[in-house]
Amino acid sequence: MVPMEPPGQRGFPNEGVRMESAVHALSLLSVDETKDAFSHGDTAWVLASAALVLLMTPGLAFFYGGMVRVKSVLNMLMMSFIAIGIVSVLWVLYGFSIAFDQTGNGFMGGFGQLGLNNAVHTLASVNGATYNIPVLAFSMFQLMFAIITPALISGAIADRAKFVGWSVFVTLWTTIVYFPVAHWVFDFGNSSGHHAGWLAHWGVEDFAGGTAVHINAGAAGLALAIVLGKRNGWPRAQFKPHNLPLVMLGAGLLWFGWFGFNAGSALGANGLAALAFTNTQVATASAMLGWLIVEKIRDGHPTSLGAASGAVAGLVAITPACAFIVPWAAVVLGLLAGAICALAVALKFRFGFDDSLDVVGVHLVGGIVGTLYLGFMSTDKVVGAGGAAAKGLFYGGGLTQLGKQAGGAGAVLVYSFTIAFILGWVIDKTIGFRLDEEDEVSGIDLFEHAESGYDLAPSGGSGIFQPSTHTKTEEVPA
Amino acid sequence: MKLITAVIKPHKLDEVKAALETFGVQGMTVSEASGYGRQRGHTEVYRGAEYTVDLVPKVRLEVLVDDADVLEVVDVIVKSAQTGRIGDGKVWTTAIEDVVRVRTGEHGADAL
Chain A
13 MVPMEPPGQR
23 GFPNEGVRME
33 SAVHALSLLS
43 VDETKDAFSH
53 GDTAWVLASA
63 ALVLLMTPGL
73 AFFYGGMVRV
83 KSVLNMLMMS
93 FIAIGIVSVL
103 WVLYGFSIAF
113 DQTGNGFMGG
123 FGQLGLNNAV
133 HTLASVNGAT
143 YNIPVLAFSM
153 FQLMFAIITP
163 ALISGAIADR
173 AKFVGWSVFV
183 TLWTTIVYFP
193 VAHWVFDFGN
203 SSGHHAGWLA
213 HWGVEDFAGG
223 TAVHINAGAA
233 GLALAIVLGK
243 RNGWPRAQFK
253 PHNLPLVMLG
263 AGLLWFGWFG
273 FNAGSALGAN
283 GLAALAFTNT
293 QVATASAMLG
303 WLIVEKIRDG
313 HPTSLGAASG
323 AVAGLVAITP
333 ACAFIVPWAA
343 VVLGLLAGAI
353 CALAVALKFR
363 FGFDDSLDVV
373 GVHLVGGIVG
383 TLYLGFMSTD
393 KVVGAGGAAA
403 KGLFYGGGLT
413 QLGKQAGGAG
423 AVLVYSFTIA
433 FILGWVIDKT
443 IGFRLDEEDE
453 VSGIDLFEHA
463 ESGYDLAPSG
473 GSGIFQPSTH
483 TKTEEVPA
Chain B
14 MKLITAVIKP
24 HKLDEVKAAL
34 ETFGVQGMTV
44 SEASGYGRQR
54 GHTEVYRGAE
64 YTVDLVPKVR
74 LEVLVDDADV
84 LEVVDVIVKS
94 AQTGRIGDGK
104 VWTTAIEDVV
114 RVRTGEHGAD
124 AL
């Protein structure tokens with residue numbers, strides 16, 4: 013198991029490097045060297061967490077899918093599901109290597125883990141500190157983060173992205189942006205702290221992905237919403253959600269899976285995981301309350317969409333902070349995030365970009381709130397595998413940590429936005445990214461997937477009328 | 014013969030149906046409809062964005078009656094569908110040339 017060590021015991025050669033994130037990679041210790049330390053409990057928790065995080069992507073698909081119109085629900089679900097397919101394959105080929113192979117530099121990892129060949133028998137993972145779980149368990153846990161991050165972007169471009177264009181974007185953005193950024197933030201280097209990502213090395217605190225996942229996806233979503241342009245009729249036409257129960261179901265699955273995301277990032281079944289679990293629960297609950305209070309005051313009605321959105325905003329904001337703050341501070345963070353995001357979703361109307369499902373308002377803004385909050389409320393009362401957390405402004409640490417948090421958030425935002433903008437533009441000018449107006453109006457589900465999500469109308473075949481159909485193999489009557 | 018068409022509030026359907034049965038009407042056709050009259054629609058708010066929904070759900074009820082019964086049947090519908098609040102709906106009658114019962118081939122009032 014991973015001990016909760018007092019600060020300094022780990023003895024990093026570089027003082028700037030602390031165990032500030034979740035995430036860890038791997039030394040290639042042989043099986044013999046590590047078999048005594050190998051932890052069944054930690055491994056079980058990390059594998060279970062990986063499965064929980066995978067479930068978040070279908071959860072996200074439902075959360076997004078319920079918010080679009082009937083004619084786009086399948087495409088919305090498919091944009092998430094295709095990310096599972098593409099990123100899983102990329103991860104084995106080179107993704108894990110670029111993100112976590114500890115022979116690289118501060119910008120990206122090395123190529124020692126191509127094909128995951130070298131990870132097969134390695135029973136200890138080193139990421140600054142040593143974690144007694146197989147490298148493959150760590151790798152699969154991290155894969156699920158790499159899957160959901162591009163899937164998050166899809167909400168910004170609902171109803172109007174060509175499916176092949178989206179698939180190419182997922183492939184390129186994950187390769188050029190996600191894998192390196194995961195290295196920047198999550199890779200603490202080998203046991204001497206060498207070859208760490210530059211943000212991790214600098215001491216930016218991001219336990220489970222406020223920068224690498226949420227700011228990253230939010231900035232890319234903003235770029236694509238601008239490149240692809242507004243949906244036909246936005247903002248005057250009706251774009252109200254077609255299935256709010258689906259949105260609530262998706263939010264519930266996200267909340268459930270997020271315990272793997274945050275508490276699993278402790279990479280062990282230990283006290284740090286319990287802290288992350290606790291903070292995740294209470295921040296999400298208070299963020300839901302924060303969003304609903306804003307709605308009740310501003311609009312008169314607390315809505316179910318507001319409850320689901322507030323919960324997700326809280327999950328986003330607590331993600332970077334979940335193992336660096338104490339539980340009461342998580343409650344405050346949740347209230348702030350819920351209220352701020354409830355107001356931030358109006359930005360798109362003011363600035364005129366059609367971020368259809370509020371990837372910017374919830375993920376970018378929520379990620380920034382959580383990341384900056386650490387500059388104030390991070391406390392050295394919390395001690396992880398690599399040492400104590402930093403002291404934020406309110407714990408006597410001055411402005412140092414706040415500066416690092418802002419720098420980390422800004423670096424990821426600018427890099428992701430720039431590359432996503434260029435990729436989106438190039439894809440649109442070459443193979444095409446924006447759907448034609450006619451196909452968008454008649455429905456992307458029909459055009460891209462030749463399916464319709466629901467078959468409730470009597471003329472659709474579910475009612476008492478039986479329209480004639482034929483299968484492709486059958487002869488079409490003349 | 015006349016066709017009486019009533020567009021009413023959905024929650025009044027059971028009362029109207031019961032009142033018509035008590036009066037002696039033998040059959041009717043009911044369908045879901047949406048529309049608006051003087052009450053217009055309503056406003057919904059999603060993530061702070063307001064949407065005005067013009068069309069509100071209604072029930073459309075159609076009854077074929079003999080000329081002699083028209084006024085009474087309309088009266089039964091109006092009385093049983095009334096709440097006194099805006100949005101109660103409308104009832105109108107249309108002249109019908111002929112009616113045929115499919116099973117027997119009977120025409121006119123015999124087919125009602």
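So the sequences go chain by chain: A and B. For what it's worth, the numbering used here labels the leading residue of the first sequence as 13, then goes sequentially. For what it's worth, the numbering used here labels the leading residue of the second sequence as 14, then goes sequentially. The beta-carbon is built from N, C-alpha and C at its ideal position, and this holds for glycine as well. In this text the structure is predicted, and so the values were computed from the model without any measurement.
Exercise. Between A:V80 and the rest of its own chain, which residues show a CB-CB distance below 7 Å, the 5 nearest in sequence each way excluded?
Worked result: Taking the first residue of the first sequence as 1, we reach residue 80 of chain A at position 68. For A:V80, where only same-chain residues beyond five positions count, the Cβ hits under 7 Å are M88, A170, D171, H254.
Problem set entry | Short CB-CB distance (under 8 Å) between B:G54 and chain A | Indexing the second sequence from 1 puts residue 54 of chain B at position 41. It does not: the Cβ of B:G54 has no partner Cβ on chain A nearer than 8 Å.
For this session: Quick one: which residues of the region 305-319 of chain A get their C-beta closer than 9 Å to a C-beta of chain B? List them in chain order.
Result: V306, E307, R310, D311, G312, H313, T315, L317, G318
Problem set entry | Any beta strand (DSSP E) of 3 or more consecutive residues that is wholly inside the region 58-108 of chain B | 62-66, 69-78, 102-108
Exercise. Can you tell me the Cα-Cα spacing of A:E452 and A:L359, whole angstroms?
Worked result: As a position in the first sequence, residue 452 of chain A is number 440, starting the count at 1. As a position in the first sequence, residue 359 of chain A is number 347, starting the count at 1. Computed Cα separation, rounded: 24 Å.
Exercise. Taking Cβ-Cβ distances shorter than 7 Å, what residues in chain B pair up with A:P146?
Worked result: Here residue 146 of chain A refers to the residue found at position 134 of the first sequence. Within chain B, no residue comes near A:P146; the closest Cβ sits about 43 Å away, beyond 7 Å.
Exercise. Do you know how far the Cα of A:G230 is from the Cα of B:K22?
Worked result: The sequence position of residue 22 of chain B within the second sequence is 9, counting from 1. The sequence position of residue 230 of chain A within the first sequence is 218, counting from 1. Straight-line Cα distance between these residues: approximately 45 Å.
Problem set entry | Minimum C-alpha distance to A:D448 - residue among A:G127, A:V189, A:E460 | Here residue 448 of chain A refers to the residue found at position 436 when the first sequence is read from its first residue. Residue A:E460 holds the alpha-carbon nearest to the alpha-carbon of A:D448 among A:G127, A:V189, A:E460.
Exercise. For B:T56, which three-state DSSP category applies?
Worked result: Locating residue 56 of chain B in the second sequence gives position 43, where the first residue counts as 1. In this structure, B:T56 counts as strand in the three-state DSSP scheme.
For this session: Entirely within the region 271-348 of chain A and at least 4 residues each: give me those alpha helix (DSSP H) ranges in chain order.
Result: 283-310, 316-333
Exercise. From A:Q413 to A:L155, what distance separates their C-alpha atoms?
Worked result: For the purposes of this step, residue 413 of chain A is taken as the residue at position 401 of the first sequence. For the purposes of this step, residue 155 of chain A is taken as the residue at position 143 of the first sequence. Going from the Cα of A:Q413 to the Cα of A:L155 covers about 29 Å.
For this session: Output the boundary residues of the beta strand (DSSP E) element that contains B:K15.
Result: Here the question's residue 15 of chain B lines up with position 2 in the second sequence. Segment 15-21, the beta strand (DSSP E) holding B:K15.
For this session: Consult DSSP for A:H375 and reduce its assignment to one of helix, strand or coil.
Result: Here residue 375 of chain A refers to the residue found at position 363 when the first sequence is read from its first residue. Residue state, collapsed to three classes: helix.
Exercise. Interface residues of chain A around B:E57 at Cβ under 8 Å?
Worked result: Your numbering for residue 57 of chain B matches position 44 in the second sequence. Going along chain A in sequence order, the residues near B:E57 (Cβ under 8 Å) are K252.
Exercise. In chain order, what residues of the region 166-177 of chain A put their CB closer than 8 Å to some CB of chain B?
Worked result: none
For this session: Inspect the beta-carbon positions of A:V374 and B:G61 and report whether they are closer than 8 Å.
Result: Counting from 1 along the first sequence, the entry for residue 374 of chain A is found at position 362. Counting from 1 along the second sequence, the entry for residue 61 of chain B is found at position 48. Contact: no.
Exercise. Can you list, in chain order, the residues of its chain whose CB lies under 7 Å from that of A:T161, leaving out five sequence neighbours each side?
Worked result: Against the first sequence, residue 161 of chain A aligns to sequence position 149. Y190, V225, N228, A229, listed in sequence order.
For this session: Just tell me which of A:F219, A:G283, A:H313, A:A323 has its CA closest to the CA of A:W267.
Result: The count along the first sequence starts at 1 and reaches residue 267 of chain A at position 255. Of A:F219, A:G283, A:H313, A:A323, the residue nearest in Cα terms is A:A323.
Exercise. Does the beta carbon of A:D370 come closer than 8 Å to any beta carbon on chain B?
Worked result: By one-based count along the first sequence, residue 370 of chain A stands at place 358. It does: the Cβ of A:D370 has a partner Cβ on chain B nearer than 8 Å.
Problem set entry | Beta-carbon contacts of A:E307 that lie in its chain and below 8 Å, excluding the five residues immediately before and after | Counting from one through the first sequence, the residue named residue 307 of chain A turns up at place 295. If you ignore the 5 residues before and after A:E307, its C-beta comes within less than 8 Å of the C-beta of H313, P314, T315, G318, A354, all in its own chain and listed in chain order.
For this session: Return the chain-ordered list of same chain residues with a C-beta closer than 6 Å to the C-beta of A:I110, the five sequence neighbours on each side being excluded.
Result: Walking along the first sequence from the start, residue 110 of chain A turns up at place 98. Cβ neighbours of A:I110 beyond the five flanking positions: M120, G121, F191.
Exercise. Exposed or buried, which one is B:R51 when buried takes at least 16 other CB atoms within 10 Å?
Worked result: On the second sequence, residue 51 of chain B is found 38 positions in, with the first residue counted as 1. It is exposed - the Cβ of B:R51 has fewer than 16 other Cβ atoms within 10 Å.
Problem set entry | Nonlocal neighbours in the same chain, by C-beta distance under 6 Å from B:R114, ignoring five residues either side | Along the second sequence, one-based indexing puts residue 114 of chain B at 101. So the list reads A124, once near-sequence residues are dropped.
For this session: Note down the Cα distance separating A:M4 from A:G465, rounded to an integer number of angstroms.
Result: Because chain A here runs from 13 to 490, residue 4 of chain A falls outside it and cannot be looked at.
Exercise. When the cut-off is 8 Å and only beta carbons count, does B:G48 lie next to chain A?
Worked result: Taking the first residue of the second sequence as position 1, residue 48 of chain B is located at position 35. For B:G48, the answer is no, since every Cβ of chain A falls outside 8 Å of its Cβ.
For this session: Using 10 angstroms around the beta-carbon of A:D218, count the other beta-carbons present and answer buried if the total reaches 16, otherwise exposed.
Result: By one-based count along the first sequence, residue 218 of chain A stands at place 206. The Cβ neighbour count for A:D218, taken over all protein chains shown within 10 Å, is at least 16; the residue is labelled buried.
Problem set entry | First and last residue of the uninterrupted alpha helix (DSSP H) at A:S179 | Numbered from 1 along the first sequence, position 167 holds the residue referred to as residue 179 of chain A. Per DSSP, A:S179 belongs to the alpha helix (DSSP H) from 175-185.
For this session: State the CB to CB distance for the pair A:G233 and A:D367, rounded to an integer number of angstroms; the pair is presumed to be in contact (CB under 8 Å).
Result: Looking up residue 233 of chain A in the first sequence gives position 221. Looking up residue 367 of chain A in the first sequence gives position 355. Indeed they touch by this definition, with Cβ atoms about 6 Å apart.
For this session: Find the nearest neighbour of A:I188 within the set A:E450, A:T430, A:F445, judged by alpha-carbon distance.
Result: Translated into the one-based positions of the first sequence, residue 188 of chain A becomes position 176. When only C-alpha atoms are compared, the closest one is A:T430.
For this session: Per DSSP, which residues does A:T142 bridge with? Please list them.
Result: Taking the first residue of the first sequence as position 1, residue 142 of chain A is located at position 130. In DSSP, A:T142 forms a bridge with A:V138.
For this session: Helix, strand or coil for A:D370, going by three-state DSSP, please let me know.
Result: Here residue 370 of chain A refers to the residue found at position 358 when the first sequence is read from its first residue. Here A:D370 sits in coil by DSSP.
Exercise. Can you name the residues that DSSP bridges to B:S47?
Worked result: Counting from 1 along the second sequence, the entry for residue 47 of chain B is found at position 34. Answer by DSSP bridge pairing, in chain order: B:P70.
Exercise. How is A:A400 classed by DSSP in three states: helix, strand or coil?
Worked result: Indexing the first sequence from 1 puts residue 400 of chain A at position 388. The answer is strand: DSSP assigns A:A400 an E or B state.
For this session: Compare the C-alpha of A:V213 against each of A:G399, A:D440, A:V197 and name the closest.
Result: Stepping through the first sequence from its first residue, residue 213 of chain A is reached at position 201. At residue 213 of chain A the sequence reads His, which differs from the Val that was named. Nearest of A:G399, A:D440, A:V197 to A:H213, Cα basis: A:V197.
Problem set entry | chain B residues whose Cβ lies nearer than 9 Å to that of A:S179 | Mapped onto the first sequence, residue 179 of chain A falls at position 167. The premise fails here: A:S179 is roughly 28 Å from chain B at the closest Cβ pair, so nothing lies under 9 Å.
Problem set entry | Min CB distance A:A358 to chain B below 8 Å | Reading the first sequence from its first residue, position 346 is the one you call residue 358 of chain A. Cβ-Cβ to chain B under 8 Å: yes for A:A358.
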